[in-house]
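Protein chains in written order, with the numbering used here: chain A, 142 to 618; chain B, 16 to 493. Beta carbons: idealized from backbone N, C-alpha and C, even for Gly.
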């Protein structure tokens with residue numbers, strides 16, 4: 142759903158300093174990457190346009206052409222839809238590259254999504270569904286979210302196979318078709334397709350992590366996403382007898398709702414620190430010399446220092462990283478301008494700290510509101526997202542791959558405040574790590590979901606090499 | 016748009032034990048055949064969901080027209096007047112002229128409206144558009160606002176015609192189709208269609224009426240002669256918005272919440288006029304030495320006694336009678352569940368004391384909520400302050416005679432200021448005085464459900480209202 146790059150310059154992972162120089166793509170590999178990227182960018186995989194199955198088939202064909210056996214390539218059509226997103230017949234792609242000999246461990250899953258957010262021709266400088274190369278960039282919807290990752294993984298596997306690489310464990314690809322809307326593909330992946338996926342030990346998600354350079358060319362850092370907050374929606378509902386607006390009553394559904402929201406505005410959830418965010422702030426404090434850094438140091442020294450956590454949370458760069466956050470996003474009330482409201486509702490969107498049960502947040506919201514007239518209900522059945530443990534093998538592989546391409550680059554962990562396809566897997570016990578090798582110039586290239594989405598040309602090719610390095614490291618030993 | 020009972024409570028009406036009869040159990044004086052006709056027409060019109068944009072109001076007009084036609088009114092005097100109310104809301108007015116064969120006076124206008132406020136099945140105990148008789152009540156949307164008045168005025172006329180009654184002035188029935196929204200019908204009726212509606216004065220069935228408290232003590236029969244000005248304002252906050260995973264310190268919904276808190280806390284300046292003084296004098300007499308009675312007397316003695324006015328206004332019986340009132344009625348904000356709102360809008364409905372300009376109320380609201388909130392008056396309806404109508408002895412006496420017959424001598428008749436706005440305001444503004452004199456009644460506050468849930472009217476109140484209007488017509492046109 143998003144690609145967050147954190148603009149910092151610190152070294153949080155002390156990786157083993159064994160980065161070898163990165164391999165270079167051959168001209169043929171370069172051209173194949175370009176052709177595949179152009180083809181998929183030019184396929185508008187927006188919900189409702191029915192193009193995801195065609196893209197899945199195209200990517201499947203690339204694997205076939207790369208020598209992967211047809212029996213291990215599965216295009217899986219499925220339906221996605223909801224009241225707010227519309228409907229579509231979409232598809233997922235699963236490809237299994239079997240280990241040579243008996244596998245030394247359970248499979249590594251490589252994840253991505255093939256669908257993109259809508260982009261309108263009239264809102265864009267160039268046609269968002271015609272890949273355009275200009276000024277050192279490739280422009281097009283999905284350029285960084287995340288057709289670059291689809292191409293990166295696919296081309297890397299094709300290259301490795303051509304080079305005679307023999308994985309010591311299965312590598313299994315899961316590309317979904319509705320991450321930007323309903324996430325049904327990921328849910329199926331974690332449940333009904335889990336046998337087909339071979340019960341992976343962990344997943345590497347190309348839709349997370351990644352890096353950035355500052356406009357002056359200095360490195361801003363790479364992050365590896367190892368935790369994500371749980372997205373959960375709640376509704377506050379107030380009912381009232383209503384009546385004629387010429388005779389205002391003392392109790393009023395709108396005023397009751399507004400008072401509840403004012404309490405929510407004033408409320409601060411308990412600060413929390415997890416393994417990922419602790420490592421993140423340990424890195425961040427080294428960079429921040431001023432009051433923000435002081436607050437981070439105080440909080441790291443004393444996790445019960447709520448005031449320090451509040452100070453950090455109030456900083457624009459750290460919003461959402463110290464705790465659960467809830468914010469009202471929509472209001473509906475009343476039925477006529479001359480009638481007292483019988484019903485007033487607010488939708489409250491929460492991003493819940495990993496590990497916290499959304500039902501507990503519901504109970505907490507009820508306590509905050511402290512008015513039985515305001516009824517709190519859940520809008521979905523999400524369960525608590527879990528953090529994935531920071532494993533040395535993965536953090537080292539990621540750090541080494543990043544530094545092979547970008548020597549000296551700072552790398553550190555990240556908790557995403559948004560939601561990705563990784564969530565249902567984390568919930569079911571499969572750790573997921575956002576380990577993209579893509580990079581952009583910060584902040585001007587932060588255009589996922591936005592206008593004129595683009596990726597630096599070199600970043601597309603670096604990402605292919607990045608995935609080759611990751612797989613050689615994690616599946617080759 | 017109104018139908019608010021004159022007042023409630025009056026706990027200290029009498030210090031002696033009051034052995035009152037439940038007025039709902041008193042037999043109606045309407046004969047059985049006319050009860051049946053009245054009930055059939057009431058059922059027919061209640062079950063037409065004449066809510067704006069549903070295109071159903073025409074059917075109510077046809078049902079009423081059919082009654083007049085059957086009673087002998089020629090087609091030439093029955094006018095269907097289609098018009099567009101809200102954008103895309105095609106409705107109709109019905110104008111019927113009952114001619115006098117020997118008119119000696121200028122015509123008299125009888126006003127009503129055929130549209131009703133929206134009602135949702137899931138909010139109600141019963142289907143609001145299925146007529147129901149239960150527990151001594153008729154239930155349904157429009158039962159008290161005001162298909163009862165449409166039925167009572169029509170049936171009274173039809174009944175008189177069947178008896179051979181000949182009025183000594185033309186009686187013009189004007190039923191509009193959008194009183195609950197923008198009053199375009201009344202605007203047209205008082206201007207463009209004036210050749211069909213020209214009259215000496217108007218009697219509005221959308222107001223007036225008697226009430227009883229829960230101990231069945233009569234609370235009075237109010238004739239509305241003045242009304243507050245109706246004006247809706249939209250209060251909007253704007254924000255750059257953003258992704259909801261990263262809440263900003265400023266938020267359109269929170270800022271709107273602050274603004275509404277200010278609106279809720281704001282109190283406008285207390286005011287009096289001749290009509291409200293007449294009303295409060297009657298109330299003071301009723302209340303005796305109760306705290307409310309003392310407060311009313313203190314305020315009448317000293318109109319600058321703001322504390323007394325505030326105490327009166329806080330009484331559920333007197334809400335809206337001492338000053339301008341504004342209340343939040345609708346909310347809308349945000350555009351996606353996972354995005355910070357870029358705007359949030361509250362609808363604030365004001366009932367402005369006669370004589371106060373809506374633009375001054377807007378300025379006062381702006382001062383209360385601060386400069387960050389944008390306030391605009393609803394462009395679809397710009398309220399125009401209207402004068403109070405001068406009390407007429409013939410109207411008041413006709414109502415007094417009817418009130419005595421149906422409620423006894425303890426039911427006092429006196430002037431009131433309506434806190435709602437009705438079609439009458441448009442005719443008042445165009446020089447036709449209007450008096451709200453409907454004869455229906457209810458138990459206050461339990462039966463005050465206009466625009467609200469489970470709207471209802473006592474069965475007897477419906478039936479006796481036919482006789483009430485019969486008396487009024489005979490008295491003022493006989």
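Min CB distance residue i to chain A below 7 Å
i, result
"residue 343 (chain B)", "yes"
"residue 431 (chain B)", "no"
"residue 357 (chain B)", "no"
"residue 261 (chain B)", "yes"
"residue 132 (chain B)", "yes"
"residue 317 (chain B)", "no"
"residue 141 (chain B)", "no"
"residue 179 (chain B)", "no"
Below-7 Å beta-carbon distance, residue i vs any chain B residue
i, result
"residue 478 (chain A)", "yes"
"residue 445 (chain A)", "no"
"residue 505 (chain A)", "no"
"residue 386 (chain A)", "yes"
"residue 346 (chain A)", "no"
"residue 558 (chain A)", "yes"
"residue 488 (chain A)", "yes"
"residue 509 (chain A)", "no"
"residue 181 (chain A)", "no"
"residue 436 (chain A)", "no"
"residue 544 (chain A)", "no"
Residue from the options whose Cα sits closest to the Cα of residue i
i, options, result
"residue 119 (chain B)", "B:182, B:352, B:273, B:263", "B:182"
"residue 238 (chain A)", "A:260, A:256, A:232, A:213", "A:213"
"residue 296 (chain A)", "A:616, A:481, A:390, A:601", "A:601"
"residue 215 (chain A)", "A:605, A:223, A:233", "A:233"
"residue 469 (chain B)", "B:71, B:427, B:95, B:133", "B:133"
"residue 263 (chain A)", "A:596, A:608, A:604, A:591", "A:591"
"residue 384 (chain B)", "B:439, B:252, B:364", "B:252"
"residue 402 (chain B)", "B:437, B:417, B:446", "B:446"
"residue 329 (chain B)", "B:143, B:280, B:288, B:246", "B:280"
"residue 238 (chain B)", "B:227, B:223, B:245", "B:223"
"residue 147 (chain B)", "B:188, B:116, B:39, B:60", "B:60"
"residue 565 (chain A)", "A:495, A:475, A:554, A:597", "A:495"
"residue 485 (chain B)", "B:112, B:175, B:200, B:259", "B:175"
"residue 381 (chain A)", "A:486, A:554, A:201, A:526", "A:486"
"residue 206 (chain B)", "B:461, B:440, B:475", "B:440"
"residue 167 (chain B)", "B:45, B:215, B:137", "B:45"
"residue 281 (chain A)", "A:217, A:182, A:254", "A:182"
"residue 468 (chain A)", "A:502, A:449, A:475, A:489", "A:489"
Cross-strand partners of residue i (DSSP beta bridge)
i, result
"residue 271 (chain A)", "Bridge partners of residue 271 (chain A): none, in fact."
"residue 480 (chain A)", "A:385"
"residue 346 (chain B)", "A:474, B:361"
"residue 367 (chain B)", "B:244"
Close beta carbons around residue i, own chain, < 6 Å, minus the five adjacent residues each side
i, result
"residue 617 (chain A)", "none"
"residue 320 (chain B)", "313, 314"
DSSP-derived helix/strand/coil call for residue i
i, result
"residue 393 (chain A)", "coil"
"residue 153 (chain A)", "Low per-residue confidence applies at residue 153 (chain A): pLDDT is 48, beneath 50, and the placement is therefore not dependable, though the value from the model is reported in the following sentence. In this structure, residue 153 (chain A) counts as coil in the three-state DSSP scheme."
"residue 193 (chain A)", "helix"
"residue 36 (chain B)", "coil"
"residue 174 (chain A)", "helix"
"residue 369 (chain A)", "strand"
"residue 105 (chain B)", "strand"
"residue 571 (chain A)", "coil"
"residue 257 (chain B)", "strand"
"residue 373 (chain B)", "helix"
"residue 489 (chain B)", "helix"
"residue 239 (chain A)", "coil"
"residue 137 (chain B)", "helix"
"residue 523 (chain A)", "coil"
Of the residues that make up the segment 449-466 of chain A, which ones have a beta carbon closer than 7 Å to any beta carbon in chain E? The chain labelled as chain E is not found among the protein chains of the depicted structure, namely A and B.
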